[in-house]
Amino acid sequence: MEKEKTYWEQRDQANWLRIRDRNTAFFHKFASQRRHMNRIRVLENDVGDITNNECEMEEIALNYFKNIFFHERGGKYGAYFF
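FYI, in this note's numbering the residues of the sequence shown are -15 to 66.
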């Protein structure tokens, strides 16, 4: 029983390696879908306003991480990042 299990595991691995190079459309679609799902579409600032403007979202993120590294850590790591 264990031999058969090992056989099928190795066969699946070999098939995946063989198909991998020929199936670039599949992997491109997979990566594109993942990027789409992980995209941040809106952010909320510290006063509760929600925005989907890219420039405002960039500013919100920058301020958030500045606050983490400057205020919570006493400025110890801020010089390395900003």
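Each residue gets a CB set at the ideal place from its N, CA and C atoms; glycine is no exception.
Owing to the predicted nature of the structure, the values given are computational and were not obtained by experimental measurement.
Spatial neighbours of residue i within its chain, please: CB distance less than 6 Å, with the 5 preceding and 5 following residues excluded, ordered by chain position.
i	result
I24	none
N29	I44
Bridge partners of residue i, per DSSP?
i	result
E28	I34
Just reading off the alpha helix (DSSP H) that residue i is part of, what are its end residues?
i	result
F53	It is not in any alpha helix (DSSP H) - F53 carries neither H nor E in the DSSP assignment.
R18	T8 to N22
For residue i and residue j, which I take to be in contact (beta-carbon distance under 8 Å), what is that distance rounded to the nearest angstrom?
i	j	result
A45	L27	7 Å
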